[in-house]
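> Dropping the structure in here first, questions after.
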Amino acid sequence: MTPLVLVLGTGGREHALASRLALDPGWRVAVAPGNEFMAREHWIPKPDAQDGAGPAGWAALAARQRADLVVVGPEAPLAAGLVDTLRALGQTVYGPVRAAARLESSKAFAKDVMRAAGIATADAEVCDTTARAERALDRFGPPYVVKADGLAGGKGVVVTADGAAARAFAADCLGGPAGDGGNRVVIEQFLDGEEASVMAVCDGERHVLLPAARDYKRAFDGDRGPNTGGMGAVAPASAVDAGIEREVSQRIVAPLLREMAARGTPYRGTLYCGLMIGRAGVRVVEFNARFGDPETQAILPLVAGNFAELLAGAARGELDLEGAGRRPGAAVSVALVAEAHPGAAASRSWIDRLEAASNEQGGISVQGAGIVRGAAALPGVPADRWLLRGGRAAFVTAVGDSVAEARERAYGAVARLGGRGWRCRGDIGRAAAVGGPPPGALATDVARS
Ligand code: AMP
Ligand code: GLY
């Protein structure tokens, strides 16, 4: 029987993962819970009435499928211990156990690990009262950087020059004006430079770096407006050359893996390094314990080799350091979101002609996320309409020989869409040259570089 890889999640990242894994010879792909748009291209096994909701339900479904490899997409089930549960059932799972996923689910924990491992990051103070938070804000000065300690879906960070706004957000995170909500807040030094996202596939000891990407986090063109989960991405990132990849591999990922192993919680899965590259060198802004969304949409078209085997090897603790490579060219992914994003979608907003935007020969693919078919959700709305359900609705991703070509294709496809109540940024990939090291091998474990 052909081995089965089951991707868990509902968004554009999981759609991109499923589509990339479907290209790997010798593997079948399933996605759960998936979404209606993905179901047009990928097998979505039906949940059982007894499965229950949330991560417990996902675990029950995954166990029933007896997949040869389970790939967990989003952070919440990782933080809730889904990998621990599935491993205890004997499943091969790609993703960190709960204690290792704390690198993302607690910013205070991540700071502690970085300090212990000697990884360059912003100087920070973890505060548990508003009085401490105010002292820390005064110490660091503007621009202020305030972070909620726990998971916040991309909305837990405020970077502002406005002291009152910084204090208000800190108090909010702390759960009350006196800071008696039992929460913690991280206040840190502002880092200047260019951001890039570098993801490492890790097996607990060794790692392979995937091509770097740049995420566009702000809601509006020109990097204005509030932070979001990501409005688009470009790969490779022009700020990351071979020297920076080496530095990330040797000074960030390798020491992190050593530190996590020394703490008895080896890190297996994707380590996402959010980086600030500036005059002071490469510093870590944040770690995530999973594939980035939408970085994954832009990166996977550039990864050569058998990706399913790569992840399965990592999940077993036997990562094949030569198992993947870098393809030439570039990719651009544009998020389609509600007009008010990161606010809620208006109840009658939809995207037309979304299926028609995919064009394999033309290098264009569409990933579905927060959308649902018309009629089922809203009586009287044609069933071929894709209604927005909140969050990011879908992604239009294109590859090309250059960022300029990929960008032209992606926006060409976006221009042919219809509907109302949705928007996208118009500047994803603008002014970005193709950067990064030349096609060929990926940067791997420090011992080999
Ligand atoms: P995080 O969730 O920690 O990645 O923060 C979200 C975004 O806030 C980052 O992608 C940066 O754009 C910005 N940010 C976070 N920390 C800093 C910092 N220390 N200096 C400057 N910008 C930051
Ligand atoms: N795009 C940023 C993230 O996945 O956290």
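Everything in the sequence shown is counted per my numbering, starting at 15 for the first residue and increasing by one.
Every residue, glycine too, gets a C-beta built ideally from N, C-alpha and C.
1) For Leu-83 versus Thr-106, is the C-beta spacing smaller than 8 Å?
2) Where do the N-terminal and C-terminal ends of the alpha helix (DSSP H) with Gly-155 fall, by residue?
3) Whose CA, out of Val-160, Gly-236, Asp-255, lies closest to the CA of Gly-246?
4) What separation, rounded to the nearest whole angstrom, lies between the Cα atoms of Gly-66 and Gly-95?
5) Taking only runs that begin and end inside the stretch 213 to 285, name each unbroken alpha helix (DSSP H) of 4 or more residues, in chain order.
6) What three-state label does DSSP hand Phe-123 in the structure shown?
7) Please return the same chain residues whose Cβ sits closer than 6 Å to the Cβ of Ala-138, not counting the five positions on each side in sequence.
8) Going by C-alpha distance, which of Val-386, Leu-151, Asp-186, Arg-149 is nearest Ala-162?
9) Would Gly-26 be called buried (16 or more neighbouring beta carbons within 10 Å of its own) or exposed?
10) So, do the stretch 252 to 270 and the stretch 346 to 357 have three or more beta carbon pairs nearer to each other than 8 Å?
11) I'd like to confirm something about Gly-443: is its beta-carbon nearer than 7 Å to some heavy atom of the ligand AMP, or not?
12) Quick check on the DSSP output: what are the complete beta strand (DSSP E) runs of length 3 or more inside the stretch 20 to 98, in order along the chain?
13) Could you tell me which residues DSSP puts in a beta bridge with Gln-381?
14) Quick check on the DSSP output: the alpha helix (DSSP H) that includes Gly-432 runs from which residue to which?
15) For Asp-307, is the beta carbon positioned less than 7 Å from some heavy atom of the ligand GLY?
16) Using the three-state DSSP reduction, which class does Thr-310 fall into: helix, strand or coil?
17) Per the DSSP calculation, Glu-300 is bridged to which residue(s)?
18) May I ask you to report which of helix, strand or coil DSSP gives Cys-187?
19) Kindly examine the ligand AMP and report whether one of its heavy atoms sits closer than 7 Å to the Cβ of Phe-204.
20) Can you tell me whether Val-111 is helix, strand or coil according to DSSP?
21) Helix, strand or coil for Gly-414? Go by DSSP, reduced to three states.
22) Can you tell me which of Phe-305, Ala-210, Pro-308, Pro-156 puts its alpha carbon nearest to the alpha carbon of Gly-292?
23) Distance check for Gln-381 and Gln-79, CA to CA, integer angstroms please.
24) Does DSSP put Ala-345 in a helix, a strand or coil?
25) Could you please give me the residues that DSSP links to Thr-135 through a beta bridge?
26) Buried or exposed: where does Arg-34 fall if 16 or more other Cβ atoms within 10 Å of its Cβ makes it buried?
27) Please classify Ala-370 as buried or exposed, where buried requires at least 16 other C-beta atoms within 10 Å of its C-beta.
28) For a test of the three-state rule: what should DSSP assign to Gly-454, helix, strand or coil?
29) I need the straight-line Cα distance from Glu-259 to Asp-142, nearest angstrom please.
30) Check whether the Cβ atoms of Ala-344 and Val-267 lie closer than 8 Å to each other.
31) Compute the Euclidean distance between the alpha carbons of Ala-263 and Val-395, then round it to the nearest angstrom.
32) Could you check whether the Cβ of Asn-302 sits closer than 7 Å to any heavy atom belonging to the ligand GLY?
33) Report yes if the CB atom of Ala-349 is closer than 8 Å to the CB atom of Ser-363, and no otherwise.
34) Using a Cβ-Cβ cutoff of less than 8 Å, which residues in the same chain neighbour Ser-463 once the five nearest sequence positions on both sides are dropped?
35) Between which two residues does the beta strand (DSSP E) carrying Glu-202 extend?
36) Please find out if some non-hydrogen atom of the ligand AMP comes closer than 7 Å to the beta-carbon of Ala-136.
According to the structure shown:
1) Cβ atoms of Leu-83 and Thr-106: closer than 8 Å.
2) DSSP places Gly-155 outside any alpha helix (DSSP H), giving it a letter other than H or E.
3) Nearest of Val-160, Gly-236, Asp-255 to Gly-246, Cα basis: Gly-236.
4) Their backbone Cα atoms lie some 16 Å apart in a straight line.
5) Listed in chain order, the complete alpha helix (DSSP H) runs (minimum 4 residues) inside the stretch 213 to 285 are 256 to 261, 268 to 276.
6) Correct three-state label for Phe-123: helix.
7) Result list for Ala-138: Lys-125, Val-200, Glu-202, in chain order.
8) For the set Val-386, Leu-151, Asp-186, Arg-149, the Cα lying nearest the Cα of Ala-162 is the one of Asp-186.
9) That one is buried.
10) With the cut-off at 8 Å, the stretch 252 to 270 and the stretch 346 to 357 do not touch.
11) Within the chosen limit of 7 Å, the ligand AMP does not reach the beta carbon of Gly-443 with any heavy atom.
12) The beta strand (DSSP E) runs of length 3 or more contained entirely in the stretch 20 to 98 are, from start to end of the chain, 42 to 47, 83 to 86.
13) Assignment of beta-bridge partners to Gln-381 by DSSP yields Phe-409.
14) Taken as a continuous stretch (DSSP letters only), Gly-432 belongs to no alpha helix (DSSP H), being part of the beta strand (DSSP E) at 432 to 434.
15) Distances from the CB of Asp-307 to the heavy atoms of the ligand GLY include at least one below 7 Å.
16) Helix, per DSSP.
17) Per DSSP, the beta-bridge partners of Glu-300 are Gly-288.
18) Helix at Cys-187.
19) Yes.
20) Val-111 falls in the coil class under three-state DSSP.
21) DSSP places Gly-414 within a strand segment (E or B) once states are collapsed to three.
22) Cα-wise, what sits closest to Gly-292 is Ala-210.
23) Distance between Gln-79 and Gln-381, taken at the CA atoms: about 24 Å.
24) Assignment of Ala-345 by DSSP, reduced to helix, strand and coil, places it in the strand class.
25) Per the DSSP secondary-structure output, Thr-135 pairs in a beta bridge with Val-298.
26) Within 10 angstroms of the beta-carbon of Arg-34 lie 16 or more other beta-carbons, which makes it buried.
27) With fewer than 16 Cβ atoms within 10 Å of its Cβ, Ala-370 is classed as exposed.
28) Correct three-state label for Gly-454: strand.
29) Cα to Cα, the separation comes out at about 36 Å.
30) Not closer than 8 Å, so no.
31) The question names Ala, but residue 263 is Ser in the sequence shown. Each residue's alpha carbon lies about 51 Å from the other.
32) Yes, the Cβ of Asn-302 comes within 7 Å of a heavy atom of the ligand GLY.
33) At least 8 Å separates the beta-carbon of Ala-349 from that of Ser-363.
34) Low per-residue confidence applies at Ser-463: pLDDT is 39, beneath 50, and the placement is therefore not dependable enough to give any value.
35) DSSP places Glu-202 inside the beta strand (DSSP E), whose first and last residues are 199 to 202.
36) For the ligand AMP, at least one heavy atom lies less than 7 Å from the Cβ of Ala-136.
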